[in-house]
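S.K.: Counting in this note's numbering, the sequence shown runs from 13 upward without gaps.
Handing you this structure, nothing more for now.
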Amino acid sequence: MTKLPSTSWSSADAADLYNLPRWGDPHYRVSDAGDVEVNLGSEGNASWHSMAEMMSELDERGIHPPLMLRFGNILEHRLRLINESFQKAILEAGYQGVFKGVFPIKVNQQQQVIEQICDFGKKYHHGLEAGSKPELIAALSYMQDPEALVICNGYKDQEFIDLALYGVQMGLQVILVVETLSEVPLILQRAEALGVKPRLGVRMKLSTPGSGKWVNSGGDNSVFGLNAEQVIQFVDLLKEKNSLDLLELLHYHLGSQIPNIRTIRSGVSEATRVYVDLTREGAPLGYLDVGGGLAVDYDGSQSNTLSSRNYATEEYCADVVESVMEICDKSGVAHPTLVTESGRATVAQYGVLIFNILDVSGAPTTSELPVLAENAPNELKYLSNIPTLVNSSNLQECLNDAVYYRDEIRSRFTLGLVSLRERAVAERCFAVILRQIQNASKEMEWPPDSLEELSAMRPDIYYGNFSLFQSLPDNWAINQLFPIMPIHRLNEKPDREGIFADITCDCDGKIDIFIDDTGSKNSLPLHGLKEGEPYNIGVFLVGAYQETLGDLHNLFGDTNVVSVEVDEEGQRVYGHEVQGDTVADVLSYVEYDPKEMTVNFRALAERAVRCGKISASQRKTIMQAFTEGMQGYTYFENA
Ligand code: PLP
């Protein structure tokens, strides 16, 4: 049972209510003025900025929600955290190898992200992981650091292999990770043809099962990598070709968002045993790549729930270092360079989606009951009398009665004994009673569970200007939780409970599952709308996977993107502005030709003029609206 906030209210209560300190620290906080603030400062030099102020400054510039805000300094912070935590763990343990991370491009392929990773990561020689030809081409175009790794996973055709080999030839540290035995002859053949010594890795399918949502990415049922028998066949094949000296890296990936540190430890231990035995087989190795999996604490519970993790980044690094060291030391094998492919934990925090609320539908805000006709059915009379009976000791009884009479009226309507108008009056009475009971139960320090569930039973629907399918595909597809909260008005106590509906008109296009310190809940405390004032909602920690997994459902396209940083004087600088898709853009993605469409539409308008349906000047206005529509944002725009 959640303890409801007391009647006096401050921004600190709001921070608690949305669990912000637990998922947002040290990047986000709530100001005394009731705004969510983001820290745009550098390490040890905080610079807090109101996100609501950013939204109004961007609005003045003509950049409207839905909008993706990116904060480069947070990305820099995360890269530093991962690299320096490994360095610290290595130093403290007396580990003899070093750490070299790579960022898997699939987690956020946007050009700005890759450019920033290469830039911020330079001092740590942080590299990139590519799982396809386009990703490899992106990696080769942005990775200028000859000491950083470029790890090539995924299925490889000749073009892919050749590009990787050219990378080696030009002095980059490109390693081709073998995923299937059938790739080996082609790699060796192309290397010989191009006269380049390839650098090889092998992906091993561990028996350790993953955990969390991506449990099947690891263990016997995983689809990628070689099992123990195939690894030995691979070694024998290389030996046969006198090429075992090419094998430098052992890789595995147990799955993303691993919530339990025990799974991480088991995977590392098993992989290190494989590493040791491969060196005994005569492979030089030198790199152990433990893949991704470092989880993000989306719900702030610091537990092993699917949306959290029961370990900190520092603990993850220390456990990887210690597990590898222990087994290598016992076996007398030199400590390898440790590689991780952490994607989610690198970029999730740095992206925030902001959408505005267009409308709310839900329970009435007034307690006024409709006036009944004299001949109203008895059930309706009883129902409308309930509000006069409600007091703090009979809330449950009043709720039971209200549900009973409402249902009676619904049944009698189906039988033709109650009119639609009478039923409408009954529904209104019921909504007023629910609101009255909800409000009364909020004043109780420990309301009974059944009353607490009332809010979730009838949440208001907040219509948000966004597409779930485009901007939050993991929420739709796999119920991934993200922290969601208003970015302003947090010094006002929220007096409503709501869910969000997007503007795709799809019954799946809604968010009705939210983080909670005890797991998840089905509605979110929100404020009523104020005439003429925006109400902006932030969806946090969306920098990983969401931007490119999204699709064009209902032809809603990419949102606007703006990155925000501060200059030396601490002034906000809006940079890297990418305009969201226009209507013409999304239509052309699905094979329409906007020019041809304009010609067709113009012909329709011309015919209408000829038939006298519209005047020539009306045709001009209509054509203008069509052209502006084509060039406009796919989302709701205020006129
Ligand atoms: N490496 C490989 C091979 C992957 O398939 C993935 C994604 O699942 C990652 C790394 C990134 O994982 P994460 O985002 O959990 O760090």
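From the three backbone atoms N, C-alpha and C, an ideal C-beta is built for every residue, glycine too.
Any heavy atom of the ligand PLP within a distance shorter than 7 Å of the CB on PRO116?
M.R.: PRO116: yes, Cβ under 7 Å from the ligand PLP.
S.K.: The ligand PLP and ALA203: does the residue's C-beta get closer than 7 Å to at least one heavy atom of that ligand?
M.R.: No; taking the cut-off as 7 Å, the Cβ of ALA203 has no heavy atom of the ligand PLP nearer than that.
S.K.: Answer with buried or exposed for GLU241, where buried requires no fewer than 16 other C-beta atoms within 10 angstroms of its C-beta.
M.R.: Counting Cβ neighbours within 10 Å, GLU241 comes out exposed, since fewer than 16 surround it.
S.K.: So the candidates are SER153, VAL119, PRO158 and SER144; which of them puts its Cα closest to the Cα of ILE173?
M.R.: Nearest option by C-alpha distance: SER144.
S.K.: CB GLU260 to CB GLY298, shorter than 8 Å?
M.R.: Yes, these two residues count as a Cβ contact at 8 Å.
S.K.: Count the C-beta pairs between the region 45-54 and the region 517-528 that are closer than 8 Å, then say yes if the count reaches three, no if not.
M.R.: No, they do not touch.
S.K.: So, do the region 103-111 and the region 127-134 have three or more beta carbon pairs nearer to each other than 8 Å?
M.R.: They do not touch, by the three-pair rule.
S.K.: Grouping DSSP H, G and I as helix and E and B as strand, with all else coil, what is PRO537?
M.R.: PRO537: strand per DSSP, three-state reduction.
S.K.: Using only the alpha-carbon positions, how far apart do ASP169 and PRO506 sit?
M.R.: Roughly 56 Å separates the two Cα atoms.
S.K.: When you compare the region 490-500 with the region 570-578, are there three or more beta-carbon pairs, one atom per stretch, that lie closer than 8 Å?
M.R.: Verdict: no, contact absent.
S.K.: How close, in whole Å, do the beta carbons of SER483 and GLN558 come, if the pair is a contact with beta carbons under 8 Å?
M.R.: Contact holds; Cβ gap of about 6 Å.
S.K.: Between GLN269 and the ligand PLP, is there a pair consisting of the residue's CB and a ligand heavy atom that are separated by less than 7 Å?
M.R.: Flag set: Cβ of GLN269 near the ligand PLP.
S.K.: Rounded to the nearest angstrom, how far is the Cβ of LYS100 from that of THR349, given a contact under 8 Å?
M.R.: Contact flag wrong, Cβ pair sits at about 17 Å.
S.K.: Using alpha carbons as the reference points, say which of ASP605, GLN630, VAL621 and GLY569 lies closest to GLY644.
M.R.: The candidate whose alpha carbon is nearest that of GLY644 is GLY569.
S.K.: Taking 7 Å as the cut-off, does the CB of GLY298 come closer than this to any heavy atom belonging to the ligand PLP?
M.R.: False, no ligand heavy atom lies under 7 Å from that Cβ.
S.K.: Return the first residue and the last residue of the beta strand (DSSP E) that PHE648 is part of.
M.R.: No beta strand (DSSP E) holds PHE648; DSSP gives it neither H nor E.
S.K.: Skipping 5 residues on each side, what residues in its chain have a beta carbon closer than 6 Å to that of ASP371?
M.R.: Within the same chain, ASP371 has close Cβ partners TYR475.
S.K.: With DSSP collapsed to three states, give me the class of MET652.
M.R.: Residue coverage of the chain in this structure runs from 13 to 651, which leaves residue 652 outside it and unanswerable.
S.K.: Note the first and the last residue of the continuous beta strand (DSSP E) segment covering GLN185.
M.R.: That run of the beta strand (DSSP E) goes 185-190.
S.K.: So if DSSP puts HIS588 in a beta bridge, which residue, or which two residues, is it bridged to?
M.R.: None, per the DSSP bridge assignment.
S.K.: GLY305: beta carbon under 7 Å from a heavy atom of the ligand PLP?
M.R.: Correct: GLY305 has its Cβ closer than 7 Å to the ligand PLP.
S.K.: Give me the Cα-Cα distance between VAL554 and GLY312, rounded to the nearest whole angstrom.
M.R.: Those two C-alpha atoms are separated by around 15 Å.
S.K.: Between the C-alpha atoms of LEU152 and VAL333, what's the straight-line distance to the nearest angstrom?
M.R.: Rounded to the nearest angstrom, the two C-alpha atoms are 29 Å apart.
S.K.: Give me whichever residues DSSP pairs with ILE10 in a beta bridge.
M.R.: As displayed, the chain neither begins before 13 nor continues past 651, which places residue 10 out of reach and without an answer.
S.K.: Give me, in chain order, the residues of the same chain whose beta-carbon lies closer than 6 Å to that of LYS209; leave out the 5 immediate sequence neighbours on both sides.
M.R.: Answer for LYS209: no residue qualifies.
S.K.: Could you please give the first and the last residue of the uninterrupted beta strand (DSSP E) stretch that includes TRP60?
M.R.: Looking at the DSSP string, the run of the beta strand (DSSP E) that includes TRP60 is 60-62.
S.K.: Relative to the C-alpha of ASN322, which residue among LEU32, SER335 and LEU306 is closest?
M.R.: If we check each option's Cα against that of ASN322, LEU306 comes out closest.
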